[in-house]
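Colleague:
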Amino acid sequence: MTQCRECNKELSSNNPRQEFCNDYCRGAYHRRKYRQQAVEEAEERREARSRGDGRGTEKERKEAREAMARIVGALSPRIQRRV
Ligand SMILES: [Zn+2]
9 MTQCRECNKE LSSNNPRQEF CNDYCRGAYH RRKYRQQAVE EAEERREARS
59 RGDGRGTEKE RKEAREAMAR IVGALSPRIQ RRV
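The numbering of the sequence shown is my numbering, which starts it at 9 and goes up by one.
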């Protein structure tokens, strides 16, 4: 017995090409499938972007840390003298 792919209701028709009990179920199924695909694609784009940024920011973060250490090292004596 064929079942509706959206609501799992058994279909009265034995037509193997019929996958949904009505247009509403067909529309709901395809909307969900499309949304799922869009979510997965957005997720992949986000991951690819964070992977790409990760390489860049790791180097940038190291440079920023070193620059900050130099600045702090250069400023600290003056700050301490002022206090
Ligand atoms: Zn249905």
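Glycine residues also receive a C-beta, built at the ideal position from the N, C-alpha and C atoms.
None of these values were measured; they are calculated from a predicted model.
Identify whether Q26 lies in helix, strand or coil by the three-state DSSP scheme.
Modeller: Of the three classes helix, strand and coil, the one that applies to Q26 here is coil, per DSSP.
Colleague: Using the C-alpha atoms, what's the distance from A36 back to A50?
Modeller: 21 Å
Colleague: In whole angstroms, what separates the C-alpha of F28 from that of C12?
Modeller: Pairing F28 with C12, the inter-Cα distance amounts to about 4 Å.
Colleague: What is the chain-ordered set of residues for which the beta carbon lies under 6 Å from any non-hydrogen atom of ligand 1?
Modeller: C12, E14, C15, K17, F28, C29 and C33
Colleague: When we look at the beta-carbon of E55 and count the other beta-carbons within 10 Å, is it buried (16 or more) or exposed?
Modeller: exposed
Colleague: Skipping 5 residues on each side, what residues in its chain have a beta carbon closer than 8 Å to that of Q44?
Modeller: none
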